[in-house]
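Protein chains in written order, with the numbering used here: chain A, 191 to 567; chain B, 191 to 567.
Set out below in structure tokens:
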């Protein structure tokens with residue numbers, strides 16, 4: 191039998207300034223060339239201990255609960271929490287104002303939750319007051335889910351304020367927070383705020399390749415997982431994962447994507463060496479600089495200025511301009527990836543991400559220069 | 191706030207001759223340094239088209255059905271098929287004779303299957319006749335699940351013979367085959383045999399890093415997935431995955447672990463360039479050589495000689511020898527990883543894998559030399 195072969199892999203150079211992935215830090219790429227250890231190698235278990243320390247620093251949950259990473263993309267972490275926490279009929283107050291919030295809403299429905307939806311226009315967010323009113327109206331709610339940084343619109347949700355309001359209330363609902371675009375790029379303070387289930391990804395503000403999802407679970411959410419009744423997919427069963435990540439002697443769970451964990455380890459180490467505050471400041475500086483510059487050229491942004499993310503900017507495509515064509519020319523003529531609108535409901539926008547190594551004014555200038563070149567004014 | 195930092199990552203050199211991962215082919219490691227494209231980059235969609243061609247060649251399913259890869263470890267693919275095919279109460283004839291078959295059995299139970307278990311002693315396999323008798327006794331069975339290459343014992347199951355018997359019978363049950371250790375290392379012929387749901391991993395016979403799971407679904411299994419009623423986790427919903435992998439224009443599903451797919455692409459390309467038959471022969475030669483040599487030293491193997499895998503050999507630890515101590519010395523004194531028994535029921539064994547780049551007599555000699563050095567005779 192002759193088996194069809196495939197051509198050599200020759201991907202083009204890219205400056206990745208869309209909604210993610212961002213370009214990988216060179217030191218992270220180097221780490222992926224380190225000697226691969228096995229997932230049951232005692233030295234790798236030691237690496238895991240340090241990795242957990244790093245993850246805890248990153249999430250700012252130095253102790254308590256469970257802070258690990260999932261061996262799959264951030265999307266899997268979006269639903270893994272629900273799968274571990276929601277029994278059919280449990281009430282989830284699902285707040286959404288964009289593609290990822292809608293997806294989270296769908297995932298709550300997939301696990302059979304009684305979903306109470308609170309929505310806002312694209313570019314806006316639901317107010318903390320409205321969420322607290324919904325919580326008061328549904329005192330049995332088990333979970334409130336929100337997207338901290340809505341990558342489809344560039345909207346920044348005041349997660350700290352919601353967390354404080356929930357802590358100050360009588361509600362025992364768990365705070366379920368999508369931090370996919372925020373973690374490592376802006377303040378996320380799992381313990382001080384009280385994030386019960388937080389998840390992120392590797393390929394945005396952390397500057398690692400995609401494929402791994404850092405998660406943090408508070409002590410009370412761990413307890414809720416223990417009370418949870420429904421069957422959980424084994425790959426996402428936090429009780430089982432904990433036996434590998436935390437307990438010693440180790441219990442084999444799955445074969446870890448070792449090189450991806452070397453990458454994540456190194457990305458976190460770089461973030462901690464830079465200092466989280468310094469890193470947030472760098473992200474804010476780059477984002478605000480880009481936003482000022484693009485607005486000064488006459489473009490409008492989709493997000494409410496009071497809720498504008500720093501990591502990602504959704505720029506409205508001006509009337510009469512073919513957004514997709516411009517996006518294609520940015521790619522073909524300048525090697526720069528920017529995103530378009532996501533999903534069928536998306537308005538005509540470009541989504542520009544400055545994350546990880548790309549969160550600099552220099553990268554912002556490269557993107558601005560390419561826009562200037564392809565967009566006649 | 192001062193965030194705890196973590197030490198530099200300094201993993202030791204390893205010759206990985208356990209049950210997997212195996213060492214990564216240098217060209218695969220190089221591919222992971224290629225410029226990263228985004229998952230929505232039109233050039234990456236072209237890469238996906240070629241990757242699907244390569245996966246189809248590897249599985250020998252040149253057309254029909256669905257052949258893709260999951261963005262997570264082989265363990266996830268073990269349960270993904272059940273999650274897409276089994277509604278609560280569906281009958282699964284679950285055949286198991288080792289750790290991974292038992293795990294598959296547990297996964298069938300997790301999705302609520304009516305599980306009919308057929309078991310054999312460690313090192314043995316259930317005969318095709320027994321399976322066909324069970325199928326005759328349970329004509330409503332929806333699935334028969336087997337492990338082609340049981341990595342915990344080294345037992346090789348005659349998958350081709352079962353497939354032929356099932357095809358020749360009146361049964362409409364689907365053949366669910368764990369090919370985690372077999373794919374790329376020995377004959378797997380999804381179409382000619384009639385594998386309905388086959389899955390594997392990246393890190394064994396394919397010589398790629400762990401983290402990706404190639405899967406193949408037959409046309410009739412795709413149809414069964416369409417009839418399936420229960421909610422499926424989105425990350426593993428084959429209908430949704432197909433909209434990204436196959437349909438054009440593309441529908442965003444999740445952020446693909448791009449570098450891992452570059453690795454898989456390259457690993458498959460290398461396998462096809464070598465030629466699958468030639469690769470199987472290389473694996474067989476290395477495995478049989480190691481087995482002859484280790485037996486000639488007076489060691490016994492766990493698997494029935496009529497069902498001895500080539501990729502993995504389970505060597506019985508001789509009476510009076512501390513298997514774990516020897517395993518530790520192999521690692522510390524020779525930088526060689528070999529496996530031990532897996533799970534609480536495992537007998538004292540060493541598991542030696544010669545897979546991917548390590549499927550050579552030269553690597554076998556290195557392992558044998560280390561055994562000779564640490565095991566006084």
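We put the beta carbon where it would ideally sit given N, CA and C, even for glycine. It should be emphasised that the depicted structure is a prediction, and the values quoted were computed from it without experimental measurement.
Can you name the residues that DSSP bridges to residue i?
{"i": "residue 543/A", "result": "502/A"}
{"i": "residue 308/B", "result": "285/B"}
{"i": "residue 389/A", "result": "368/A, 405/A"}
{"i": "residue 257/A", "result": "406/A"}
{"i": "residue 373/B", "result": "376/B"}
{"i": "residue 346/A", "result": "339/A"}
Does the beta-carbon distance from residue i to residue j come in below 8 Å?
{"i": "residue 209/B", "j": "residue 541/B", "result": "yes"}
{"i": "residue 261/A", "j": "residue 263/B", "result": "yes"}
{"i": "residue 226/B", "j": "residue 449/B", "result": "yes"}
{"i": "residue 444/B", "j": "residue 371/A", "result": "no"}
{"i": "residue 547/B", "j": "residue 397/B", "result": "yes"}
{"i": "residue 282/B", "j": "residue 298/B", "result": "yes"}
{"i": "residue 344/B", "j": "residue 499/B", "result": "yes"}
{"i": "residue 342/B", "j": "residue 288/B", "result": "yes"}
{"i": "residue 368/A", "j": "residue 497/A", "result": "no"}
{"i": "residue 381/A", "j": "residue 251/A", "result": "yes"}
{"i": "residue 376/B", "j": "residue 470/B", "result": "yes"}
{"i": "residue 412/A", "j": "residue 255/A", "result": "yes"}
{"i": "residue 465/B", "j": "residue 196/A", "result": "no"}
{"i": "residue 532/A", "j": "residue 442/B", "result": "yes"}
{"i": "residue 217/A", "j": "residue 456/A", "result": "yes"}
{"i": "residue 328/B", "j": "residue 309/B", "result": "no"}
{"i": "residue 426/B", "j": "residue 273/B", "result": "yes"}
{"i": "residue 543/B", "j": "residue 207/B", "result": "yes"}
{"i": "residue 423/B", "j": "residue 447/A", "result": "no"}
{"i": "residue 554/B", "j": "residue 476/B", "result": "yes"}
{"i": "residue 588/B", "j": "residue 353/B", "result": "In the structure as shown, chain B starts at 191 and stops at 567, and residue 588/B therefore has no counterpart that could be examined."}
{"i": "residue 524/B", "j": "residue 549/B", "result": "no"}
{"i": "residue 358/B", "j": "residue 325/B", "result": "no"}
Give the secondary structure of residue i by DSSP, where H, G and I count as helix, E and B as strand, and everything else as coil.
{"i": "residue 404/B", "result": "strand"}
{"i": "residue 565/B", "result": "coil"}
{"i": "residue 263/A", "result": "coil"}
{"i": "residue 529/A", "result": "strand"}
{"i": "residue 474/B", "result": "helix"}
{"i": "residue 491/B", "result": "strand"}
{"i": "residue 436/A", "result": "coil"}
{"i": "residue 484/A", "result": "helix"}
{"i": "residue 333/B", "result": "strand"}
{"i": "residue 205/A", "result": "strand"}
{"i": "residue 450/B", "result": "helix"}
{"i": "residue 399/B", "result": "coil"}
{"i": "residue 223/A", "result": "coil"}
With a threshold of 8 Å between beta-carbons, can residue i be considered close to chain B, or not?
{"i": "residue 391/A", "result": "yes"}
{"i": "residue 233/A", "result": "yes"}
{"i": "residue 459/A", "result": "yes"}
Is the shortest distance between the beta-carbon of residue i and the beta-carbons of chain A less than 8 Å?
{"i": "residue 562/B", "result": "no"}
{"i": "residue 495/B", "result": "no"}
{"i": "residue 385/B", "result": "no"}
{"i": "residue 420/B", "result": "no"}
{"i": "residue 430/B", "result": "no"}
{"i": "residue 214/B", "result": "yes"}
{"i": "residue 545/B", "result": "no"}
{"i": "residue 472/B", "result": "no"}
{"i": "residue 227/B", "result": "yes"}
{"i": "residue 356/B", "result": "no"}
{"i": "residue 399/B", "result": "yes"}
{"i": "residue 196/B", "result": "yes"}
{"i": "residue 524/B", "result": "no"}
{"i": "residue 444/B", "result": "yes"}
Could you tell me how far apart the beta carbons of residue i and residue j are, in whole angstroms, since I believe they sit closer than 8 Å?
{"i": "residue 248/B", "j": "residue 452/B", "result": "No, residue 248/B and residue 452/B are not in contact; Cβ-Cβ is about 16 Å, not under 8 Å."}
{"i": "residue 294/B", "j": "residue 335/B", "result": "5 Å"}
{"i": "residue 303/B", "j": "residue 330/B", "result": "In fact, because the Cβ distance is near 12 Å, the residues do not count as touching under 8 Å."}
{"i": "residue 301/B", "j": "residue 276/B", "result": "5 Å"}
{"i": "residue 515/A", "j": "residue 204/A", "result": "The Cβ separation is near 18 Å, so there is no contact."}
{"i": "residue 211/A", "j": "residue 228/B", "result": "6 Å"}
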